[in-house]
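According to our numbering, the sequence shown is numbered sequentially starting from 10. We put the CB at the ideal spot given by N, CA and C, even for glycine. Please read these numbers as outputs of a predicted model, since none were measured by experiment. Beneath this line is the structure, given in C-alpha cells, with notes to follow.
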Amino acid sequence: RESESDEPALLLTASDVTVRALTEQKVTELNRQLEGKVAQISDINRELEAFSYSVSHDLRAPLRHIAGFVRKLEQHLGEQVDDKAAHYIAVIDSSAQRMAQLIDDLLVFSRLGRGPLRLQAVDMQSLAEEARALAESGQVGRRIVWTIEALPMVIGDANMLRTVWQNLLGNAVKYTGKCEVARIEVSAQQGRQGDYEFTVADNGAGFDMQYADKLFGVFQRLHRASEFPGNGIGLANVRRIVTRHGGRVWAEAEPGQGARFHFSLPAIDVAGARNGESAI
Numbered sequence: 010r011e012s013e014s015d016e017p018a019l020l021l022t023a024s025d026v027t028v029r030a031l032t033e034q035k036v037t038e039l040n041r042q043l044e045g046k047v048a049q050i051s052d053i054n055r056e057l058e059a060f061s062y063s064v065s066h067d068l069r070a071p072l073r074h075i076a077g078f079v080r081k082l083e084q085h086l087g088e089q090v091d092d093k094a095a096h097y098i099a100v101i102d103s104s105a106q107r108m109a110q111l112i113d114d115l116l117v118f119s120r121l122g123r124g125p126l127r128l129q130a131v132d133m134q135s136l137a138e139e140a141r142a143l144a145e146s147g148q149v150g151r152r153i154v155w156t157i158e159a160l161p162m163v164i165g166d167a168n169m170l171r172t173v174w175q176n177l178l179g180n181a182v183k184y185t186g187k188c189e190v191a192r193i194e195v196s197a198q199q200g201r202q203g204d205y206e207f208t209v210a211d212n213g214a215g216f217d218m219q220y221a222d223k224l225f226g227v228f229q230r231l232h233r234a235s236e237f238p239g240n241g242i243g244l245a246n247v248r249r250i251v252t253r254h255g256g257r258v259w260a261e262a263e264p265g266q267g268a269r270f271h272f273s274l275p276a277i278d279v280a281g282a283r284n285g286e287s288a289i
C-alpha cells in the first residue's frame with residue numbers, strides 16, 4: 010500500500026436550498042402584507058375615532074338650540090299650555106336630554122382610544138370600594154349584600170380602571186334591581202397565564218349566552234330600556250380600556266340566574282403592594 014499523499018485537497022459539498030429560499034421569500038412577503046394590513050387597520054381606527062369625536066362635538070350645538078327653544082316655548086305658553094302641548098314639550102325635552110347623554114358617552118368612548126395611558130401603581134381594592142359607594146348611592150330601601158375580597162395592585166391608568174369598576178359594579182346594582190335581596194361579589198385570582206383575573210358576579214337578570222357577543226359592542230343592549238335604563242356603551246368602554254391594558258374581558262350568565270363578568274390584567278410586581286406582595 011502506498012503512503013498517503015501530503016498534497017492539499019479540496020472537499021466540496023453541495024445542497025439544493027431552493028425550497029428554503031422560496032419559503033423564506035414567502036414568509037418575508039407574508040410579513041410585509043401583514044404589516045401593511047396592521048398599518049391600514051390602525052389608520053382606519055384613528056380616522057373612525059377622529060370622525061366620531063368630530064360628529065359628537067358638532068351635534069352638541071343643535072341640541073343646545075332644541076333645549077333652548079323648549080324653554081322659550083314653555084315660557085311663551087305659560088299657564089295657557091294644555092295637557093297635550095305639555096306632553097309634547099316633555100317628550101322633546103327628554104329626547105334631547107337622551108341624545109345629549111348618547112353624545113357624551115360617544116365622546117368618552119372616543120377619548121378612551123385616543124389618549125395615552127398614564128401608567129402607575131393602582132390599588133384595585135380602593136377603586137372597587139369607591140365604585141361600590143357610588144353604585145349604591147341613591148338606592149334607598151334596597152337590600153344589597155356586598156362581598157369584596159382582597160384585590161391585588163396592578164400597573165395601569167387609574168382613571169381608566171376606575172371607569173371599569175364603575176361600569177361593572179353600576180351594572181351589577183342596576184340589573185339586580187328586581188331582586189328582593191341583591192348579592193354582588195367581587196373577587197380576583199391568578200390566571201393560568203400568570204395574569205390577574207377579576208370577577209364581578211351578581212344574582213340579577215342575567216342574559217342569554219347566545220347574545221354574549223353583542224355585550225361589549227357600542228350601543229348594544231340585551232334588555233329593554235323600559236326594564237333597565239342605559240345607553241349600552243358602558244361595557245364597550247370596559248372592553249376598550251382592558252384591551253388597551255393588555256387584558257381581555259368576557260362574561261357568563263343565565264337568564265334570571267345572574268351574571269359573572271371577568272376581566273384580566275397583566276400581573277406586574279408592584280412595590281408596596283398589599284401585604285408587601287404583588288400576588289394574591
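Hey, could you find the ends of the beta strand (DSSP E) residue i is sitting in?
i	result
Q199	A191 to Q199
Y184	Counting along the chain, Y184 falls outside any beta strand (DSSP E), though it belongs to the alpha helix (DSSP H) covering A167 to Y184.
T252	Per DSSP, T252 belongs to no beta strand (DSSP E); it is in the alpha helix (DSSP H), G243 to R253.
I277	From DSSP, I277 is part of no beta strand (DSSP E); its letter is neither H nor E.
L128	L128 to D132
Quick one: give me the first and last residue of the alpha helix (DSSP H) that residue i is part of.
i	result
Q219	Here Q219 belongs to no alpha helix (DSSP H), and DSSP marks it neither H nor E.
Under three-state DSSP, which class holds residue i?
i	result
E56	helix
E263	coil
Q202	coil
V163	strand
S146	coil
T27	helix
T22	coil
R69	helix
R269	strand
Looking only at C-alpha atoms, which of the options sits nearest to residue i?
i	options	result
H271	G200, G226 and Y220	G200
R151	G215, V28 and V190	V190
Y205	N168, F216 and G256	G256
V173	E88, I75, A262 and I242	I242
H96	Q175, K46, L43 and V79	V79
W155	R120, E138 and I193	I193
A70	D217, M218, T208 and M108	M108
Whose C-beta lies closer than 6 Å to the C-beta of residue i among residues of the same chain, with five residues either side of it excluded?
i	result
N284	Low per-residue confidence applies at N284: pLDDT is 39, beneath 50, and the placement is therefore not dependable enough to give any value.
T27	none
G281	Summary for G281: the model assigns pLDDT 45, below 50, so the residue's position carries little reliability; its value from the coordinates is reported in the next sentence. Around G281: no qualifying Cβ.
A144	L178, G179 and V182
E158	S196
Taking 7 Å as the limit between beta carbons, can you name the residues of its chain near residue i, skipping five residues before and five after?
i	result
S273	G200, D204, Y205, E206, G256 and R257
E267	A quick correction: the sequence has Gly, not Glu, at residue 267. Excluding residues within five positions, the ones whose Cβ falls inside 7 Å are A210, D211, N212, G213 and G215.
L136	L170, R171 and W174
Leaving out the 5 sequence neighbours to the left and right, which residues in its chain are closer than 8 Å to residue i when beta-carbon positions are compared?
i	result
L126	G165, D166, M169, R253 and H254
V251	V173, R257, V258, F272, S273 and L274
L21	none
- prompt: Taking only runs of the beta strand (DSSP E) that begin and end inside the segment 73–113, which ones reach a length of at least 3 residues, in chain order?
  reply: Here no run is fully enclosed.
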